[in-house]
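Note sheet for the following structure.
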Amino acid sequence: MKLELAPIGFIHSPHEQAEGTPIQPRYAETVDGTVEVFPAFAPGLRDLAGFDRIWLLFWCHRACPARLEVIPYLDTQPRGVFATRAPSRPNPIGLSCVRLLAIEGPILRVAGLDMLDGTPLMDIKPYVPDWDVFPADRVGWYAQAGGPRLADGRFAQGTEPQPP
Ligand SMILES: C[S@@+](CC[C@H](N)C(=O)[O-])C[C@H]1O[C@@H](n2cnc3c(N)ncnc32)[C@H](O)[C@@H]1O
């Protein structure tokens, strides 16, 4: 089966390249930017202003080709890509929970951006703690993870595959 997807807009952030970009919104709380929703989809923004946070689903369009085993940013060991948030994956979908600051027509002002400028936006959903927060005792390899909270260029277009 093949699916055809088309962006509903673009994300504008200060991050021009992967290197130095925060690896999650948690480490990007002061990074503001905008989400531009194409006018055809603007009616779908009705009632979104009542939410503090929203999920952005986006296409990591500048990731290197998919790898099934990767060394995540916060680790030194190869891990299965589906046990990580690496942007280089078979369908390079990213999801980030960002703070919604304002809505001005088809433009959302947001904070907490960990995606590159010009990233295609695939969907927006409201963040609802009742649905989206679960207690979890086990967090796999992340329990031992450490290291910088900013990305290097390991998953950027043109980078060599990492050794598995
Ligand atoms: C580790 S991913 C996490 C993305 C999202 N929060 C998630 O969990 O799915 C974030 C990193 O992906 C890279 N990145 C962000 N936007 C990208 C894009 N459009 N194309 C390729 N890489 C991107 C940046 O290096 C950024 O630091």
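Per the numbering used here, residue -14 is the first one in the sequence shown, and the count goes up by one each step. Just so it is clear, CB atoms sit at the ideal spot from N, CA and C, and this is done for glycine as well.
Go to residue i, then tell me how far its alpha helix (DSSP H) extends in each direction, as first and last residue.
| i | result |
| --- | --- |
| W126 | Where W126 is concerned, there is no enclosing alpha helix (DSSP H), given that its DSSP letter is neither H nor E. |
Report yes if the C-beta of residue i is less than 7 Å from at least one heavy atom of ligand 1; otherwise report no.
| i | result |
| --- | --- |
| M(-14) | no |
| L101 | yes |
| H(-3) | no |
| R150 | Given a span of -14 to 149 for the chain in the structure shown, any question on residue 150 remains unanswerable. |
| Y58 | yes |
| P(-8) | no |
| T104 | yes |
In terms of residue numbering, what span does the beta strand (DSSP E) encompassing residue i cover?
| i | result |
| --- | --- |
| D17 | 17 to 22 |
| I56 | Per DSSP, I56 belongs to no beta strand (DSSP E) and is neither H nor E. |
| C82 | 78 to 89 |
Report the three-state DSSP secondary structure of residue i (helix, strand or coil).
| i | result |
| --- | --- |
| D115 | helix |
| L71 | Reading off the sequence, residue 71 comes out as Ala, not Leu. Here A71 sits in coil by DSSP. |
| A25 | helix |
| R10 | Correcting the residue identity first, residue 10 is Pro in this sequence and not Arg. It is helical. |
| G(-6) | strand |
| G35 | helix |
| L41 | strand |
| L93 | strand |
| L30 | helix |
With a threshold of 16 other CB atoms inside 10 Å of the CB of residue i, please say whether the residue is buried or exposed.
| i | result |
| --- | --- |
| M100 | buried |
| F67 | exposed |
| P72 | buried |
Quick one: is the Cβ of residue i within less than 7 Å of any heavy atom of ligand 2?
| i | result |
| --- | --- |
| F140 | The ligand content of the structure shown is limited to ligand 1, which means ligand 2 is not among them. |
At least 3 beta-carbon pairs within less than 8 Å: the stretch 29 to 47 vs the stretch 108 to 115: Yes, the stretch 29 to 47 touches the stretch 108 to 115.
Stretch pair the stretch 92 to 106 + the stretch 6 to 16: three plus CB contacts closer than 8 Å: By the criterion of at least three beta-carbon pairs nearer than 8 Å, the stretch 92 to 106 is in contact with the stretch 6 to 16.
At least three beta-carbon pairs within less than 8 Å, the stretch 126 to 142 to the stretch 49 to 57: Result yes; three or more Cβ-Cβ pairs closer than 8 Å.
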